[in-house]
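**Q**
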Amino acid sequence: MAGRFAPSPTSALHLGNLRTALVAWLMARRTGRQFLIRVEDLDAARVAAAAGTARQQLSDLAALGLVADQPVAWQSQRLEGYAAALERLRPLTYECFCTRREIAQAASAPHGDGYRPYPGTCRDLDPLQRARLRAVRPPALRIRAERAVMAVHDEWAGTVTGVVDDFVLVRNDGVPAYNLAVVVDDLDQGIDQVIRGDDLLTSSPRQAWLAGQLGGSPPQYGHVPLALNQAGHRLAKRDGAVSLADLAAVGLRAGDVLGLLATSLGLAAQGETVTLTRLVERFDPAALPRSPWVVDPRTYAEYANNRSIT
Ligand code: GLU
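The opening position of the sequence shown corresponds to residue 25 in the working numbering, with each subsequent residue numbered one higher.
1) Starting from Val-304, trace the alpha helix (DSSP H) both ways and give me its first and last residue.
2) With DSSP collapsed to three states, give me the class of Met-51.
3) Quick one: residues in its chain with C-beta nearer than 6 Å to the C-beta of Thr-117, no 5 flanking neighbours on either side, listed in chain order?
4) For the alpha helix (DSSP H) containing Arg-124, name the first residue and the last one.
5) At a cut-off of 7 Å, would you count Pro-31 as near ligand 1, judging by its Cβ distance to the nearest heavy atom?
6) Return the CA-CA distance between Ala-251 and Leu-289, expressed in angstroms with no decimal places.
7) Ignore the nearest five residues each way along the sequence and tell me which others in Asp-197's own chain have a CB closer than 6 Å to its CB.
8) Leu-224: beta carbon under 7 Å from a heavy atom of ligand 1?
9) Assign Gln-153 to one of three DSSP states: helix, strand, or coil.
10) Beta strand (DSSP E) containing Ala-26: first to last residue?
11) Please classify Val-160: is it buried, with 16 or more other beta-carbons within 10 angstroms of its beta-carbon, or exposed?
12) When you compare the segment 204-216 with the segment 266-284, are there three or more beta-carbon pairs, one atom per stretch, that lie closer than 8 Å?
13) Could you check what DSSP says for Ile-333 in three-state terms: helix, strand or coil?
14) Please tell me whether Tyr-139 and Thr-226 are closer than 8 Å, where the distance is taken between their beta carbons.
15) Counting pairs of Cβ atoms below 8 Å between the segment 201-211 and the segment 226-238, do you hit three or more?
16) Quick one, are the C-beta atoms of Ala-87 and Ala-255 less than 8 Å apart?
17) Buried or exposed for Gln-244, going by 16 or more other Cβ atoms inside 10 Å?
18) Give every residue of the same chain whose Cβ lies closer than 8 Å to the Cβ of Asp-320, excluding the five residues on either side of it in the sequence, and list them in chain order.
Laid out in structure tokens, this is it:
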């Protein structure tokens with residue numbers, strides 16, 4: 025039994041990511057599970073830069089005490105696992121030559137999360153049509169989901185039901201798609217608890233369905249409300265002091281940041297010094313705040329100043 029945190033090494037972890045990692049760690053500990061970390065570095069074009077970013081992310085997590093119980097897994101080193109899964113799924117797959125624009129034109133309106141269900145354009149191409157299209161552009165690989173209706177249980181959102189479209193398993197540049205990699209890895213690593221940001225809530229029926237196709241069971245899901253900036257948009261690097269390095273520059277140490285995150289989760293009083301051990305004792309999943317965390321980085325310098333006076 026294990027839970028996990030699975031960052032993509034695109035940029036330094038910000039307060040929202042760190043807070044989700046903390047909740048994932050607390051949930052794992054609270055429920056007697058191991059805590060694993062997986063670096064989701066499949067995006068080939070970015071792999072060179074990604075290794076450095078990933079190491080920084082791991083070091084930031086470690087600074088907060090969030091350390092994996094097993095060696096960190098790197099998706100770029102797990103390609104054989106995806107290939108083996110694809111072999112099993114092969115009878116359900118088909119090549120898709122659609123561009124993003126073609127899908128946008130043919131599909132119904134995007135879902136609230138921006139995802140466009142695939143309208144099935146390439147599902148029944150005959151061999152001649154396929155051969156012609158292959159000469160034009162390389163195909164992606166999709167899975168026939170037959171519009172399966174899948175319900176999952178989320179620790180905080182309750183029951184989430186989704187219609188599974190024919191989603192992509194392999195992108196047309198040959199890279200395993202996120203939905204495939206995440207499901208294969210969670211199954212292979214024995215992960216049965218998935219805690220992550222609630223921007224991925226609507227992906228969970230799709231992933232739970234795929235787990236079933238691979239002979240596995242869906243994990244327990246818990247999607248944590250995101251961190252927002254003052255304008256109500258998803259927190260980002262440009263919002264000021266939001267990474268551990270930026271926060272250190274305005275005088276906040278890792279321990280202060282842990283305190284800040286704990287306060288945002290209702291697990292500590294403002295300015296209180298906390299330890300992970302203490303936080304696990306206090307953590308009650310049922311009491312997790314259900315609305316987004318609105319972050320105001322301008323207050324952190326003030327926080328640091330007050331702390332050094334007292
Ligand atoms: N790598 C994804 C991200 O950073 C998370 C994937 C997951 O937790 O399933 O957004």
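By construction, the Cβ of each residue, glycine as well, lies at the ideal position given by its N, Cα and C atoms. All of these numbers come straight from a predicted model, not from anything done at the bench.
**A** With the given structure in hand:
1) 300-306
2) helix
3) Leu-165 and Ile-167
4) 124-130
5) yes
6) 11 Å
7) none
8) yes
9) helix
10) 26-29
11) exposed
12) no
13) Any reading at Ile-333 is ruled out, since the residue's pLDDT is 48, under 50, leaving its predicted position unreliable.
14) Contact: yes.
15) The segment 226-238 and the segment 201-211 touch, with three or more beta-carbon pairs separated by less than 8 Å.
16) no
17) buried
18) Gln-254
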